[in-house]
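Note sheet for the following structure.
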Amino acid sequence: MKQLEAKQKIEAFFRRLGNEGSFFYEKNFVQARIGEAFVGFEYDEREEILLAQALIYRFRSEPQDKVLDAIFAEENETNNGGGRIVYNSETLSFYLQKDFTEKIGDEQFYKQINNLAQASLRWSGEILARAAEKAND
Numbered sequence: 007m008k009q010l011e012a013k014q015k016i017e018a019f020f021r022r023l024g025n026e027g028s029f030f031y032e033k034n035f036v037q038a039r040i041g042e043a044f045v046g047f048e049y050d051e052r053e054e055i056l057l058a059q060a061l062i063y064r065f066r067s068e069p070q071d072k073v074l075d076a077i078f079a080e081e082n083e084t085n086n087g088g089g090r091i092v093y094n095s096e097t098l099s100f101y102l103q104k105d106f107t108e109k110i111g112d113e114q115f116y117k118q119i120n121n122l123a124q125a126s127l128r129w130s131g132e133i134l135a136r137a138a139e140k141a142n143d
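In terms of our numbering, the sequence shown opens at residue 7 and continues consecutively.
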């Protein structure tokens, strides 16, 4: 996906939410709140990929490996909203991430981002707690 296409998708998405939004001039990153979900968009110029990340949880300190393993073990196609689980060790955050490499219609993009956002809420409300219990058994 070219940068202009990514920019147009983001702008159309924000219009649908009733807001204005685009990439910042110096940075290829912008975020939105969809109900209780937080979704960030980042454009990778080198790879020509638009990344959408829905926040699941941000740890206050580095989680134990058994907690990380338990969380990754919970991932499957029915609970990931079309994305995949990503852990960012710099921000101590878990996300559901979906990569957009090809052109996609505005309506389809909106639906896929909403699916990702809703899945992140299920993860933060149910699945993460179950994984933590398993890690501490």
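Yeah, the Cβ is synthetic: ideal placement off N, Cα and C, and Gly gets one too.
For this session: Report all residues from its chain with a CB closer than 7 Å to the CB of Y49; omit the five preceding and five following residues, and keep chain order.
Result: Q9, A12, F29, N34, L56
For this session: Could you say which of M7, R66, F115 lies nearest to E53 if we only look at CA atoms?
Result: M7
Problem set entry | Opposing strand residues paired with S130 [DSSP bridges] | Here S130 is not bridged, per DSSP, to any residue.
For this session: Return yes when the Cβ of L102 is within less than 8 Å of the Cβ of D141, no when it is not.
Result: Checking the sequence shown, residue 141 turns out to be Ala, not Asp. Cβ atoms of A141 and L102: not closer than 8 Å.
Problem set entry | Range covered by the alpha helix (DSSP H) that runs through R21 | Its alpha helix (DSSP H) spans residues 9-23.
Exercise. What number of angstroms, rounded off, separates the C-alpha of T84 from the C-alpha of G131?
Worked result: 16 Å
Exercise. Can you give the beta carbon distance from Y63 to S99, rounded, assuming they're within the 8 Å contact cut?
Worked result: 7 Å
Exercise. How many Å lie between E139 and Q14 at the Cα?
Worked result: Looking at the two C-alpha atoms, the distance is approximately 42 Å.
For this session: Report the rounded CA-to-CA distance for A135 versus R21, giving the unit in angstroms.
Result: 34 Å
Exercise. L56 by DSSP, collapsed to three states: which one?
Worked result: DSSP places L56 in strand when its eight states are reduced to three.
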